[in-house]
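Asker: Positions 1 to 273 (UniProt numbering) are the ones given, in order, by the sequence shown.
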Amino acid sequence: MNPVFEKVKKSYDYIRTVTDFTPEVALVLGSGLGEFAKHMEVECEIPYSSIEGFPVSTVAGHDGRFLFGTVEGVKTVIMKGRVHYYEGYPVTDVVLPTRLMIMLGAKKLILTNAAGAVNTSYKPGDLMMITDHISTIVPSPLIGENISEFGTRFPDMSNVYSKRLQDVVRKSAKEVGVTLREGVYMQFSGPAYETPAEVKLARLLGADAVGMSTAIEAVAANHMGIEICGISCFTNMAAGILDQPLSHEEVSEAANKVSHIFESLVKNIIKNI
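1. Could you name the residues of the same chain whose beta carbon sits closer than 6 Å to that of phenylalanine 36, not counting the 5 residues immediately before and after it, in chain order?
2. I need the boundaries of the beta strand (DSSP E) containing tyrosine 12, first residue and last residue.
3. Pick out whichever of Ala115, Pro124, Lys108 and Phe154 has its Cα sitting closest to the Cα of threonine 22.
4. Hey, could you find the ends of the beta strand (DSSP E) serine 232 is sitting in?
5. Taking the straight line between their C-alpha atoms, what separation do you get for isoleucine 51 and arginine 65?
6. Could you compute how far the alpha carbon of glycine 183 sits from the alpha carbon of phenylalanine 234?
7. Indicate whether glycine 211 and tyrosine 185 have their beta-carbon atoms separated by less than 8 Å.
8. Beta strand (DSSP E) containing alanine 26: first to last residue?
9. Applying the 10 Å Cβ sphere with the 16-neighbour rule, what's the burial state of methionine 157?
10. Under three-state DSSP, which class holds lysine 75?
11. Would lysine 38 be called buried (16 or more neighbouring beta carbons within 10 Å of its own) or exposed?
12. Hey, isoleucine 261 and leucine 127: beta-carbon distance below 8 Å or not?
13. What separation, rounded to the nearest whole angstrom, lies between the Cα atoms of tyrosine 86 and glycine 53?
14. On the three-state DSSP scale, how would you describe leucine 109?
15. Grab the span of the alpha helix (DSSP H) containing isoleucine 216 for me, first residue to last.
16. State buried or exposed for proline 141, treating a residue as buried only when at least 16 other CB atoms are found within 10 Å of its CB.
This is the structure we're talking about:
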């Protein structure tokens, strides 16, 4: 058995000893959405640390547990705290939680993150629907022997972010009165913030936002053939746009300021999904 598949299957088998919950929707909570669980009727919680060999988040503000329950009546599994490539895990471990939630039954994936604005017409506090991404800076989670149980060797990437779900996100934003930006997200490895030159490169390549997560999770989920949508919360202007340094504290503070708007949008997306 492929060792990557075996690891996901082992995690799946453990979770099935705790709960038989089958989600329709999987949600990955990025910075600024850590308190989203208050909108959920939680049936079961499973800390990552209780799953043998499972990657555990080492970043402040990322809790580290799966929550199973309903949001707006929709059966949902929430990843409360993600792991990042920069934490030192193999890329296959970084996407393991995403693959696991799909193996548990999720047919739709909502990815959220905090991001830096590259597009100078956008500003901190704005929310952006991801219409496409650039992930060539970080290793692909599909490198190595293909896992046929997950998907084809050469998956099509034409519509990673479902057109249908994009319409759902637009409708949901309109209903809650959120001005929604749209654009391309580019993932860098981190943990250092991008240099001004790297931000210029991102802009030249067509990116509107930069961050340290999400794209590789979307690659893994697309490989498994489910519908994906993504939302970025701009917590800062990317490096070199403003004459000021960047810090994790600034990102967390900015994300917390708009968390109620972020939460209302995501809750409505799940309702309409």
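Just so you know, even glycine gets a beta-carbon here, dropped at the ideal spot from N, CA and C. Values in this document were obtained by computation on a predicted structure and should not be read as measured data.
Answerer: The short version:
1. Translated into positions along the sequence shown, residue 36 becomes position 36. Hits under 6 Å: Leu29 and Glu263.
2. Taking the first residue of the sequence shown as position 1, residue 12 is located at position 12. Tyrosine 12 -> not in any beta strand (DSSP E); alpha helix (DSSP H) instead, spanning 3 to 18.
3. For the purposes of this step, residue 22 is taken as the residue at position 22 of the sequence shown. Nearest option by C-alpha distance: Lys108.
4. Numbered from its first residue, the sequence shown carries residue 232 at position 232. In the DSSP assignment, serine 232 falls within the beta strand (DSSP E) that extends over 227 to 237.
5. Taking the first residue of the sequence shown as position 1, residue 51 is located at position 51. Taking the first residue of the sequence shown as position 1, residue 65 is located at position 65. Looking at the two C-alpha atoms, the distance is approximately 10 Å.
6. The residue labelled residue 183 in the question sits at position 183 within the sequence shown. The residue labelled residue 234 in the question sits at position 234 within the sequence shown. The straight-line gap from Cα to Cα measures roughly 12 Å.
7. Looking up residue 211 in the sequence shown gives position 211. Looking up residue 185 in the sequence shown gives position 185. By the CB criterion at 8 Å, glycine 211 and tyrosine 185 fall inside the cutoff.
8. Within the sequence shown, the letter at position 26 stands for residue 26. Taken as a continuous stretch (DSSP letters only), the beta strand (DSSP E) holding alanine 26 covers 25 to 29.
9. If you number the sequence shown from 1, residue 157 lands on position 157. Its Cβ having fewer than 16 others within 10 Å, methionine 157 is exposed.
10. Numbered from its first residue, the sequence shown carries residue 75 at position 75. Residue state for lysine 75 is assigned as strand, using DSSP reduced to three classes.
11. The residue you call residue 38 lines up with position 38 of the sequence shown. By the neighbour-count criterion, in which a residue is buried when 16 or more other Cβ atoms sit within 10 angstroms of its Cβ, lysine 38 is exposed.
12. Translated into positions along the sequence shown, residue 261 becomes position 261. Translated into positions along the sequence shown, residue 127 becomes position 127. Yes, the Cβ-Cβ distance between isoleucine 261 and leucine 127 is below 8 Å.
13. For this step, residue 86 is matched to residue 86 along the sequence shown. For this step, residue 53 is matched to residue 53 along the sequence shown. Rounded to whole angstroms, tyrosine 86 to glycine 53 spans 18 Å at the Cα level.
14. By 1-based counting over the sequence shown, the position of residue 109 is 109. Of the three classes helix, strand and coil, the one that applies to leucine 109 here is strand, per DSSP.
15. Sequence index remark: in the sequence shown, residue 216 carries index 216 (1-based). That run of the alpha helix (DSSP H) goes 215 to 223.
16. On the sequence shown, position 141 is the one that residue 141 refers to. The residue in question, proline 141, is buried, as its Cβ has 16 or more Cβ neighbours within 10 Å.
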